Amino acid sequence: MPVNYGSRRNVSGAHYGLRDWLMQRVTAALMALFTLLLLAQVLLVSGPIGYEDWAGIFAQTWMKFLTYALIVALIWHAWVGVRDIWMDYVKPAGLRLALHVFTLVWLVGCAGWAFQVLWRL
């Protein structure tokens with residue numbers, strides 16, 4: 009018969025710490041990959057970079073896809089980080105909920121603006 013030392017601890021909370029930790033790493037790796045690819049594209053252009061060069065870089069389908077993935081990863085990365093800050097340091101539930109809603113609206117707005125700037129939607 010197993011021996012039980014002490015009382016059993018009931019873990020409470022959201023139970024998504026490992027998933028969030030992993031998503032922070034995956035999104036950070038995607039952002040680093042995008043940065044390296046963009047840096048390589050910029051370094052391959054000879055001379056000063058003008059509007060046509062920037063438009064040419066982002067006009068390619070694979071770059072559009074990677075840019076879309078980067079914006080989604082950046083928004084997700086920011087959401088997980090800011091949400092954890094609100095959950096850890098803001099104790100009144102109503103204020104925390106308001107901050108969560110404000111953060112989500114802000115991040116979705118930033119994503120929409122980024123898509124508009126990049127692709128002139």
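In terms of my numbering, the sequence shown opens at residue 9 and continues consecutively. Ideal placement from N, C-alpha and C gives every residue a C-beta, glycine not left out. This structure is a prediction, so every number in the text was calculated from the model and none was measured.
For residue 99, name the three-state secondary structure that DSSP assigns. coil
Considering only C-alpha positions, which residue in the set 39, 27, 80 and 93 is nearest to residue 118? 80
Assign residue 35 to buried or exposed, taking buried as 16 or more other Cβ atoms, counted over all protein chains shown, within 10 Å of its Cβ. buried
Using CA coordinates, which residue listed in 128, 77, 88 and 48 is at the minimum distance from residue 65? 48
Is the CB-CB distance between residue 31 and residue 85 below 9 Å? yes
Nearest-angstrom Cβ-Cβ length linking residue 90 and residue 111, presumed shorter than 8 Å: 5 Å
Among 71, 114, 55 and 115, which residue has its Cα nearest to the Cα of residue 43? 71
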